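*Asks:* One structure follows; several queries about it will come next.
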Amino acid sequence: MMRLSLSPLVLLLMAAAPLKPAPVPVPPPAPPIIIAHRGASAERPEHTLAAYERAIEQGADFIEPDLVPTKDHQLVARHENEISGTTDVANHPEFAARKTTKTIDGEAMTGWFTEDFTLAELKTLRAKERLPLLRPANMAFDGQYEIPTLAEIIALAKSASARTGRTIGIYPETKHPSYFRSIGLPLEPVLLAALNEAGWTTREAPVFIQSFEVDNLKALKGQTGVRLIQLMGAKGKSADGYDYAALASADGLKQVATYATGIGPERVMIIPRGTDGRLAQPTSLVRDAHEAGLEVHPWTFRPENYFLPEGLKSGSDPRELGDVDTEIRTYLATGIDGLFSDSTAAAVKALAAPPANPARN
């Protein structure tokens, strides 16, 4: 390593008028982890065993199930408890009468909801692509896959770990925990029971539990040793009333560190977009989180033009695949500890290359 020496004059000036040192980003404690967001959802219908298997095949460290309950209090993986957009439930006349409107976290939603079906009934449905206009190729897999249970996802992670010699973890999100608690279907007891059954109870377990709410994470802190992640949106509040901007402040992050291992911020909280739609200068969020002792796992990197900043798009078709590789590498240069990606292959490729300059593109 090259040593730098300072002249006597420089040393004298520094002693006479010491300058406040510029903040130095704290490096991540380990190579950044790749979290397969709902599986390899850029290539297979999300939250299916096929999507998770594809992500593992491509090199994911963790697979991410969003967890919602059934009427008989089992946990299954769906992006939302309203399932008309991710399954063929509307094509089942036997379930037509179950279409209804509910208010979930203050938002009215109409459709079919997992909590109105038993697990056996949900297993008669088949998954379909949630974003058919952006991912038409995934529609070739519509109707092929069941809705997976948490137990099946854990079994997949364990069998894949044994087969590949890599440790494949799970990164479950508790969806709408306050709502489900209010209707007598709390997520946390069932999740913890499944983790206990798997032998995953300590910080060393290949598990992160994530939530956009706060109070359920605080409660989980006293019930399990696995790592907890506070999710954050760029705007608004959690369903249990916590302001995300306040949580993301330097003081807020210190409070988060009392119950969580890390944060999962919306990626624009780390590198916002300028008025021209391009990536702007990074904020201090990664540095502030690291100084509070928190890991940082931003969401979500997606390969289609529709999701990419200006300057990284490929043509004008929103379905075309753009330069998500450079976007991910730009974020890696900020010192993030992991990332959520719809394309595990793109994340693996980006990690294998030198980080891009985090300055404006």
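Residue numbers (our numbering): 1324 to 1684.
Glycine is no exception: its CB is placed at the ideal position from the N, C-alpha and C atoms.
Note that this is a predicted model, so its numbers are computed, not measured.
Excluding the 5 residues flanking A1568 on each side, which residues of the same chain have their C-beta closer than 6 Å to its C-beta?
*Replies:* Excluding sequence neighbours, A1568 sits near nothing in its chain.
*Asks:* State the Cα-Cα distance for the pair D1384 and P1368, rounded to the nearest angstrom.
*Replies:* Each residue's alpha carbon lies about 19 Å from the other.
*Asks:* I need the DSSP call for I1477, collapsed to helix, strand or coil.
*Replies:* It is helical.
*Asks:* With a threshold of 8 Å, are at least 3 pairs of Cβ atoms found where one atom belongs to the region 1535 to 1552 and the other to the region 1399 to 1417?
*Replies:* Touching, no.
*Asks:* Can you name, in chain order, every residue of its own chain whose Cβ lies under 7 Å from the Cβ of P1331, other than the five neighbours on each side?
*Replies:* Note that P1331 scores a pLDDT of 43, beneath 50, so its modelled location is shaky and nothing firm can be said.
*Asks:* Could you give the residue range of the alpha helix (DSSP H) that holds S1664?
*Replies:* First-last for S1664: G1661 to S1664, but that is the beta strand (DSSP E), not the alpha helix (DSSP H).
*Asks:* For the 8 Å Cβ check, are there 3 or more pairs between the region 1573 to 1584 and the region 1604 to 1618?
*Replies:* Verdict: yes, contact present.
*Asks:* Report the partner residues of P1588 according to the DSSP bridge assignment.
*Replies:* Bridge partners of P1588: M1555.
*Asks:* So the beta strand (DSSP E) E1430 belongs to, where does it begin and stop?
*Replies:* E1430 to G1434 is the extent of the beta strand (DSSP E) around E1430.
*Asks:* Count the other C-beta atoms from every protein chain shown that fall within 10 angstroms of the C-beta of A1571, then say buried if there are 16 or more, exposed otherwise.
*Replies:* A1571 should be labelled buried.
*Asks:* Have a look at A1668 and A1373 and give me their C-alpha separation to the nearest angstrom.
*Replies:* So the alpha carbons of these two residues sit roughly 15 Å apart.
*Asks:* What are the boundary residues of the alpha helix (DSSP H) that S1705 is part of?
*Replies:* For residue 1705 there is no data in the structure shown, the boundaries of the chain being 1324 and 1684.
*Asks:* Less than 8 Å between the C-beta atoms of F1630 and I1651, yes or no?
*Replies:* In this structure, I1651 does not lie closer than 8 Å to F1630 by Cβ.
*Asks:* By DSSP, does R1453 sit in helix, in strand, or in coil?
*Replies:* Coil, per DSSP.
*Asks:* In whole angstroms, what separates the C-alpha of L1543 from that of G1507?
*Replies:* Their backbone Cα atoms lie some 18 Å apart in a straight line.
*Asks:* Can you name the start and end residues of the beta strand (DSSP E) that P1512 belongs to?
*Replies:* Unbroken run through P1512 is the alpha helix (DSSP H), L1510 to A1521; no beta strand (DSSP E).
*Asks:* Bridge partners for I1532 per DSSP, in chain order?
*Replies:* I1532 pairs with L1551.
*Asks:* For V1513, which residues from the same chain have a beta carbon less than 8 Å from its beta carbon, with the 5 sequence-adjacent residues on both sides left out?
*Replies:* Correct list, in chain order: P1392, H1396, Q1397, L1398 and L1473.
*Asks:* Taking the alpha carbon of A1365 as the point to measure from, which residue in I1356, R1377 and P1354 has its own alpha carbon closest?
*Replies:* The residue with the shortest Cα to Cα distance from A1365 is R1377.
*Asks:* Less than 8 Å between the C-beta atoms of E1511 and T1525, yes or no?
*Replies:* Their beta carbons are not under 8 Å apart, which means E1511 does not touch T1525 by this criterion.
*Asks:* For P1605, count neighbouring Cβ atoms within 10 angstroms of its own Cβ and tell me buried if that reaches 16, exposed if not.
*Replies:* It is buried - the Cβ of P1605 has at least 16 other Cβ atoms within 10 Å.
*Asks:* Could you say which of P1595, V1609 and R1610 lies nearest to A1603 if we only look at CA atoms?
*Replies:* Out of P1595, V1609 and R1610, P1595 has the C-alpha closest to the C-alpha of A1603.
*Asks:* Go through the region 1389 to 1428 residue by residue and report every complete run of the beta strand (DSSP E) that reaches 3 residues or more, in order.
*Replies:* Entirely contained in the region 1389 to 1428, the beta strand (DSSP E) runs reaching 3 residues are, in chain order, 1389 to 1392, 1398 to 1400 and 1423 to 1427.
*Asks:* By DSSP's criteria, I1356 is part of a beta bridge. Which residues make up the other side?
*Replies:* Paired residues: G1661.
*Asks:* Sort out for me which residues DSSP pairs L1602 with in a bridge.
*Replies:* DSSP lists R1596 as partners of L1602.
*Asks:* Taking the alpha helix (DSSP H) that D1611 belongs to, which residues open and close that run?
*Replies:* Taken as a continuous stretch (DSSP letters only), the alpha helix (DSSP H) holding D1611 covers L1608 to E1614.
*Asks:* Quick test of your reading: R1601 and P1632, contact by CB under 8 Å. State the CB separation rounded to the nearest angstrom.
*Replies:* Indeed they touch by this definition, with Cβ atoms about 5 Å apart.
*Asks:* Quick one: grab the DSSP three-state call for T1497.
*Replies:* T1497: strand per DSSP, three-state reduction.
*Asks:* In the region 1629 to 1663, which residue ranges form an unbroken alpha helix (DSSP H) of at least 4 residues, counting only runs that do not cross its ends?
*Replies:* If we require 4 residues or more, the alpha helix (DSSP H) runs fully inside the region 1629 to 1663 come out as 1647 to 1655.
*Asks:* Using DSSP's beta-bridge definition, name the partner residues of F1385.
*Replies:* Paired residues: I1358 and G1492.
*Asks:* Just tell me which of P1529, F1464, L1448 and F1436 has its CA closest to the CA of H1315.
*Replies:* Here the chain covers residues 1324 to 1684 and nothing more, so residue 1315 does not appear.
*Asks:* Taking all protein chains shown into account, do 16 or more other C-beta atoms lie within 10 angstroms of the C-beta of P1471, making it buried, or fewer, making it exposed?
*Replies:* P1471 is buried by the Cβ-count criterion.
*Asks:* Taking DSSP as the reference, what is the three-state secondary structure of E1438?
*Replies:* E1438: helix per DSSP, three-state reduction.
*Asks:* Can you check which of these residues, Q1381, S1664, S1607 and L1454, is closest to T1487 by C-alpha distance?
*Replies:* Checked all of Q1381, S1664, S1607 and L1454; the closest Cα to T1487 is Q1381.
*Asks:* Do K1451 and D1439 have their C-beta atoms within less than 8 Å of each other?
*Replies:* No. Outside cutoff.
*Asks:* Rounded to whole angstroms, what is the Cα-Cα separation between P1677 and T1441?
*Replies:* Roughly 49 Å separates the two Cα atoms.
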